[in-house]
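Colleague: Numbering (the numbering used here), first residue to last: 854 to 1195. Note that beta-carbon positions come from the ideal geometry of N, C-alpha and C, so glycine has one too. Just so you know, these numbers come straight off a predicted model, no measurement behind them.
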């Protein structure tokens, strides 16, 4: 489905929130906005409630969309977002009336919808974890090799100079990245192959339980040590006691981020494990890139076959979509940036 349009079907308010959130992440531009509705929204059964939810979602995402069109049986046929500081309040929505509200207080009904989304996420996480647990070890190994080979042979990977990549953890049943990391660092992999192009690599280090994670530069696999959860990560200082370079403080941008996840859909929605570490980091880095006028990096997630969902992944305003997926079947470009660069 084209991310810029809704299917002509019956959509709940929560479904609409999912779609708007995805669009907002992709088209972020301005903080203050006006929302113009077509007259048909006036005839919906809950126009004010729907409006409040969408506008609250807009404010919380700090986004504005230049222009887009969509169709849905829920009665929204056209949306135009433009920068404006005026926030008129209205309890009625006649055709084409401007509707807006502040985000000073969270509506109880919105809280209920978010709670519903969290419950849906919990159910889906349980479902996917069970599917991963049930994977035949030989199939898992085969898919690990296929995915890493696809990435290592891809032009967009070969041409990358600076990138962030996760360190796979077998206990978390993540797609293996050990061969990719070995190639990136010019260390022989298990089959003796090496990557020709030198790259600067940053890998994650969890700082606390408040979703704070840094990406630190390493030059050797030996730079990694096991943390309290027995997950490999870089120490904050190198063998000489020098602070490792943090990608947020680097003078040059990364062009690629290789990401893990628990589940994905073909529109780029990503379901993590619930800690919010990657979403927090990605938002901060995307903001930094925008501030410094850098090109946004490609966000590429690695996924086993069982992790790609046919149905839409439930999302909240803080969830960051990916640009592309790599599965055993190949590369799935999703965003316009991915289509252009992959």
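1. Would you mind stating whether residue 1086 and residue 1113 have Cβ atoms separated by less than 8 Å?
2. What does the Cβ neighbour count give for residue 976, buried or exposed, with the cut at 16 atoms within 10 Å?
3. Note the first and the last residue of the continuous alpha helix (DSSP H) segment covering residue 1003.
4. Quick test of the definition: if touching needs 3 or more C-beta pairs under 8 Å, does the region 1075–1095 touch the region 992–1005?
5. Provide the residue span of the beta strand (DSSP E) that contains residue 1177, from first to last.
6. Closer than 8 Å is the cut-off here; do at least three beta carbon pairs connect the region 1151–1158 with the region 1168–1181?
7. Note down, in chain order, each residue of its chain lying with its Cβ closer than 7 Å to the Cβ of residue 1033, except the 5 sequence neighbours on either side.
8. Hey, how far is the Cα of residue 1103 from the Cα of residue 1097?
9. Does DSSP put residue 1183 in a helix, in a strand, or in coil?
10. What number of angstroms, rounded off, separates the C-alpha of residue 1059 from the C-alpha of residue 967?
11. Report the residue from 973, 1013, 1173 and 1169 whose alpha carbon sits nearest the alpha carbon of residue 1148.
12. For residue 1035 and residue 1189, what's the separation of their Cα atoms in angstroms?
13. Would DSSP call residue 1195 helix, strand or coil?
14. Given a cut-off of 8 Å, decide if residue 1021 and residue 1030 are closer than it, judged by their beta-carbon atoms.
15. Looking only at its chain, what residues have a beta carbon closer than 8 Å to the beta carbon of residue 1139, apart from the 5 residues adjacent to it on each side?
16. If you reduce the DSSP assignment to three classes, tell me which class residue 1174 lands in.
17. With a Cβ-Cβ cutoff of 8 Å, do residue 1168 and residue 1122 count as a contact?
18. Strictly by DSSP, which residues pair up with residue 1018?
19. Taking all protein chains shown into account, do 16 or more other C-beta atoms lie within 10 angstroms of the C-beta of residue 1117, making it buried, or fewer, making it exposed?
Modeller: The structure says:
1. Your numbering for residue 1086 matches position 233 in the chain shown. Your numbering for residue 1113 matches position 260 in the chain shown. Not in contact: residue 1086 and residue 1113 (Cβ atoms no closer than 8 Å).
2. Your numbering for residue 976 matches position 123 in the chain shown. The residue is exposed, with fewer than 16 neighbouring Cβ atoms inside 10 Å.
3. Indexing the chain shown from 1 puts residue 1003 at position 150. For residue 1003, the enclosing alpha helix (DSSP H) has its first and last residue at 990–1006.
4. By the Cβ rule, the region 1075–1095 does not count as touching the region 992–1005, because fewer than three pairs are nearer than 8 Å.
5. Mapped onto the chain shown, residue 1177 falls at position 324. Segment 1177–1180, the beta strand (DSSP E) holding residue 1177.
6. The region 1151–1158 vs the region 1168–1181: in contact.
7. Here the question's residue 1033 lines up with position 180 in the chain shown. Sequence-distant partners of residue 1033 (beyond 5 residues in either direction) whose C-beta falls short of 7 Å from its own C-beta, in its chain, are 1001, 1004, 1005 and 1018.
8. Along the chain shown, read from residue 1 onward, the residue named residue 1103 stands at position 250. Along the chain shown, read from residue 1 onward, the residue named residue 1097 stands at position 244. Near 11 Å, if we compare the C-alpha coordinates of residue 1097 and residue 1103.
9. For the purposes of this step, residue 1183 is taken as the residue at position 330 of the chain shown. In the structure shown, residue 1183 sits in a strand (DSSP, three-state: E or B).
10. Looking up residue 1059 in the chain shown gives position 206. Looking up residue 967 in the chain shown gives position 114. Rounded to the nearest whole angstrom, the CA to CA distance from residue 1059 to residue 967 is 26 Å.
11. As a first step, residue 1148 is located in the chain shown; it is residue number 295 there, counting from the start. Of the listed residues, the one whose Cα sits closest to residue 1148 is 1013.
12. Translated into positions along the chain shown, residue 1035 becomes position 182. Translated into positions along the chain shown, residue 1189 becomes position 336. For residue 1035 and residue 1189, the gap between their C-alpha atoms comes out near 30 Å.
13. For the purposes of this step, residue 1195 is taken as residue 342 along the chain shown, with counting starting at 1. It is coil, neither helix nor strand.
14. Residue numbering aside, residue 1030 sits at position 177 when the chain shown is read from its first letter. Residue numbering aside, residue 1021 sits at position 168 when the chain shown is read from its first letter. Cβ atoms of residue 1030 and residue 1021: closer than 8 Å.
15. Here residue 1139 corresponds to residue number 286 of the chain shown, with the count starting at 1. Here the set comprises 1149 and 1173.
16. Locating residue 1174 in the chain shown gives position 321, counting from the first residue. In the structure shown, the three-state DSSP call for residue 1174 is coil.
17. Taking the first residue of the chain shown as position 1, residue 1168 is located at position 315. Taking the first residue of the chain shown as position 1, residue 1122 is located at position 269. Residue 1168 places its beta carbon less than 8 Å from that of residue 1122.
18. Sequence index remark: in the chain shown, residue 1018 carries index 165 (1-based). In DSSP, residue 1018 forms a bridge with 1111.
19. Numbered from its first residue, the chain shown carries residue 1117 at position 264. With a threshold of 16 other beta carbon atoms within 10 Å, residue 1117 meets it and is buried.
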